[in-house]
Amino acid sequence: MEEPIRCAAVSTDGIHLALGMKDGSFTVLRVRDMTEVVHIKDRKEAIHELKYSPDGNFLAVGSNDSCVDIYGVVQRYKKVGECLGSLTFITHMDWSSIVNICRPTMEAAKECSTGCQVETRY
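The opening position of the sequence shown corresponds to residue 1 in full-length UniProt numbering, with each subsequent residue numbered one higher.
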């Protein structure tokens, strides 16, 4: 990787490894042979947190841009949503195990307490 890596996450099935970069991009590699599946740069600031949903259908990407972007795994990591409104960096987040809701934690939760529900229609 040419850009410094800030965080990493392994998909729930163990097939993909997502890497968040300092430049606001993230790369997904196939674990089996470490080949690149996709490289996406939707943010300008560092990616601090990556989390796959419990069912493995979504990847949440939290950044210093105070946003959480949601990508559909089966759609080859097409952006399917975003959570806006935090007044601070997104450094941690978690998914509900009951429904697909991603919620920033720690300081960001004070400003963005409703979380971000991901509709399965995407």
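Positions of the beta carbon are idealized from the N, C-alpha and C atoms, including for glycine.
Computed from a prediction, not measured in an experiment: that's the story for all the values here.
C-beta atoms of residue i and residue j nearer than 8 Å
| i | j | result |
| --- | --- | --- |
| residue 19 | residue 10 | no |
| residue 47 | residue 68 | no |
| residue 207 | residue 76 | Any question about residue 207 goes unanswered here, given that the chain covers just 1 to 122. |
| residue 65 | residue 43 | yes |
| residue 25 | residue 49 | no |
Beta bridge counterpart(s) of residue i as assigned by DSSP
| i | result |
| --- | --- |
| residue 20 | 7, 26 |
| residue 69 | 61, 82 |
| residue 35 | 30 |
| residue 211 | Because the chain is modelled from 1 through 122, residue 211 falls outside the range shown and cannot be assessed. |
| residue 52 | 59 |
| residue 90 | Per DSSP, none; premise fails for residue 90. |
Environment of residue i [buried if 16+ CB atoms lie within 10 Å]
| i | result |
| --- | --- |
| residue 84 | exposed |
| residue 8 | exposed |
| residue 14 | exposed |
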